[in-house]
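Participant: Sequential numbering from 1 applies to the sequence shown in UniProt numbering. Think of the CB as a built atom: it goes at the ideal place given N, C-alpha and C, for glycine as much as any other residue. Remember, it's a predicted structure, so these values are computed and weren't measured experimentally. Before I ask anything, let me first share the structure, which is written out below as structure tokens.
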Amino acid sequence: MSDISFEYNVPVFAGAPDEGTEPTHRDTPAYESLDWEATKMGVQKAEELGFDAVWAPDHLLLGRDHAEYECWTLLSAIAGFTEDINLGSLVLCNDYRNPALVAKMAATLDVISDGRLELGLGAGWHEPEYDAYGWEYRDGFERLMRLDESIRLMKRMWAAGTDGASFDGKHYQIEDAYCVPGPVQDPHPPILVGGQGEEVTLKLVAKHADVWNTDVFNGDVETLEHKIDVIEDHCETVGRDPDEIEYSWDGHVICTRDEGKFDRLLDLMTPIQFEEEYQDQAPIVTEEDAREYFIMGTPEECAEAIERRIDAGVTKFQGWFIDFPDTDGMELFADEVIPQFN
1 MSDISFEYNV PVFAGAPDEG TEPTHRDTPA YESLDWEATK MGVQKAEELG
51 FDAVWAPDHL LLGRDHAEYE CWTLLSAIAG FTEDINLGSL VLCNDYRNPA
101 LVAKMAATLD VISDGRLELG LGAGWHEPEY DAYGWEYRDG FERLMRLDES
151 IRLMKRMWAA GTDGASFDGK HYQIEDAYCV PGPVQDPHPP ILVGGQGEEV
201 TLKLVAKHAD VWNTDVFNGD VETLEHKIDV IEDHCETVGR DPDEIEYSWD
251 GHVICTRDEG KFDRLLDLMT PIQFEEEYQD QAPIVTEEDA REYFIMGTPE
301 ECAEAIERRI DAGVTKFQGW FIDFPDTDGM ELFADEVIPQ FN
């Protein structure tokens, strides 16, 4: 088994309620207004506390007032003011950027960060962003086929070295495209693929990914175990060793011994109504519901929740600390939870 890593999701948007309304976004329900110094402080605190990586989502208009930092620009800036912590996209939308350019961007960021990039990729899902920015929103299967081609194209560019790479796919074509300098990491930065569709998405994970990323929709132990079983079955089909793939849990963390604070944060975070594509899944309403999906409670309760997911096969934990911009939760987590797994 790989070492257990604990990682920090960067608040790239504010999600606190506006004038008594419901929280704008469940990931940052206590963050009142997007502020660069606060976001930067959170990243620096995560590195200081010994978190292994920071991850930024790739959206453009989530959160309060539709204010949000663009993922790749943000990761590039973070590379400049950090030294040791890894940098990842959770996950980069394939349709927002040409994959040949992404291969070049990834190689450059890997070089300037001295090999700290983890490249998270996904097929895309948030249709309002496509409409707002003028991108064509294709059906789910076509978006996944485009992601499949993109990953193959990028790997070809990274492998070409000083030779130009060519690729003639249904969706993407390049000819003598150079990616020099190449990535620092050999053969390339780890590729994380996010998504949960069992027939196509998880088969792409089995074919291409170094890491599978779950999310709030798959955060309970039973679902994690099922999805991992599906990936391992796909690995057998495509002829890949399932031990080559790591599994990551991405979700909300409340770590506190203050019962009043716990209740306030839980009230801000819930209820969670899943997006339309998960319409058959019951919303998370009660504390009991939330504890099934998230890591929450005292440090001892957080450790128990982590242990259950480790038993299911998870080795990477990517947390949204719900009390941000308060850092007490992540500090307590770093002081009393992480050491139990080192």
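So, does the segment 208-220 touch the segment 126-140, judging by three or more C-beta pairs under 8 Å?
Facilitator: The segment 208-220 is not in contact with the segment 126-140.
Participant: Please report the Cβ distance between residue 420 and Val253, rounded to the nearest whole angstrom; I am assuming they are in contact, meaning their Cβ atoms lie under 8 Å.
Facilitator: In this structure the chain extends from 1 to 342, so residue 420 is not present and cannot be described.
Participant: Can you tell me whether Phe81 is buried or exposed, with buried defined as 16 or more other CB within 10 angstroms of its CB?
Facilitator: Answer is exposed; the Cβ neighbour count stays below 16.
Participant: Any idea what DSSP makes of His226, helix, strand or coil?
Facilitator: Reduced to three states, the DSSP call for His226 is helix.
Participant: Quick check on Pro339: buried or exposed, where buried means 16 or more other Cβ atoms within 10 Å of its Cβ?
Facilitator: Exposed.
Participant: Tell me the DSSP secondary structure of Val12 in three-state form.
Facilitator: Val12 falls in the coil class under three-state DSSP.
Participant: Return the bridge partner residues of Leu117 from the DSSP annotation.
Facilitator: Leu87.
Participant: What is the DSSP secondary structure of Glu307, counted as helix, strand or coil?
Facilitator: Three-state DSSP puts Glu307 in a helix.
Participant: Taking Asp65 as part of the alpha helix (DSSP H), name the residues at either end of that continuous run.
Facilitator: Counting along the chain, Asp65 falls outside any alpha helix (DSSP H), and DSSP gives it neither H nor E.
Participant: Closest to Thr314 by C-alpha separation, out of Lys227, Ala282, Glu198 and Gly42, would be which residue?
Facilitator: Note that residue 314 is Val in the sequence shown here, rather than Thr. The shortest C-alpha separation from Val314 is found at Lys227.
Participant: Among Ala56, Ile245 and Phe321, which has the Cα closest to the Cα of Asp210?
Facilitator: Selected option, being the one with the closest Cα: Ile245.
Participant: Which partner residues does Tyr247 have in the DSSP bridge list?
Facilitator: DSSP output for Tyr247 lists Trp212 as bridge partner(s).
Participant: Would you kindly check if the distance between the Cβ of Ala334 and the Cβ of Gly50 is under 9 Å?
Facilitator: It is a contact, given that the beta carbons lie within the stated cut-off.
Participant: Among the candidates Asp323, Gly124, Gly120 and Glu232, whose CA atom is the shortest distance from the CA of Arg146?
Facilitator: Cα-wise, what sits closest to Arg146 is Gly124.
Participant: Considering only C-alpha positions, which residue in the set Ser5, Pro57 and Leu62 is nearest to Leu75?
Facilitator: The shortest C-alpha separation from Leu75 is found at Pro57.
Participant: Measure the beta-carbon distance from Tyr31 to Phe324 and round it to whole angstroms, keeping in mind my assumption that it falls under 8 Å.
Facilitator: About 6 Å separates the two Cβ atoms, so the contact holds.
Participant: Out of Pro283, Ala107 and Thr223, point me to the one whose CA is closest to Ile191's CA.
Facilitator: When each option's Cα is compared against that of Ile191, the closest is Ala107.
Participant: Among all the DSSP beta bridges, which residues are the ones paired with Ala56?
Facilitator: In the DSSP output, where bridge partners are listed per residue, Ala56 has Ser89.
Participant: Taking C-beta to C-beta, are Pro187 and Asp110 nearer than 9 Å?
Facilitator: Not in contact: Pro187 and Asp110 (Cβ atoms no closer than 9 Å).
Participant: Among Asn9, Pro242, Leu61 and Pro99, which has the Cα closest to the Cα of Cys179?
Facilitator: For the residues Asn9, Pro242, Leu61 and Pro99, the minimum Cα distance to Cys179 belongs to Pro99.
Participant: Taking the C-alpha atoms as reference points, what is the distance between Leu265 and Arg156?
Facilitator: Spanning the two alpha carbons is a distance of roughly 46 Å.
Participant: By a C-beta neighbour count over all protein chains shown, 10 Å radius and 16 as the cutoff for buried, is Glu288 buried or exposed?
Facilitator: Glu288 should be labelled exposed.
Participant: Restricting to Cα atoms, I'd like to know which of Tyr69, Trp55 and Thr24 is closest to Glu7.
Facilitator: When each option's Cα is compared against that of Glu7, the closest is Trp55.
Participant: By alpha-carbon positions, which one of Leu332, Gln318 and Asp243 ends up nearest to Gly120?
Facilitator: Nearest C-alpha to Gly120: Gln318.
Participant: Count the other CB atoms within 10 Å of the CB of His234; is the residue buried (16 or more) or exposed (fewer)?
Facilitator: So His234 ends up on the buried side.
Participant: Compare the Cα-Cα distances from Ser248 to each of Glu259, Asn218, Cys255 and Thr256 and report the closest residue.
Facilitator: Nearest option by C-alpha distance: Asn218.
Participant: Relative to the C-alpha of Asp52, which candidate in His126, His25, Val10 and Pro29 has its C-alpha closest?
Facilitator: Closest by alpha carbon: Val10.
Participant: Span of the beta strand (DSSP E) holding Leu192?
Facilitator: Leu192 -> beta strand (DSSP E) spans Ile191 to Gly194.
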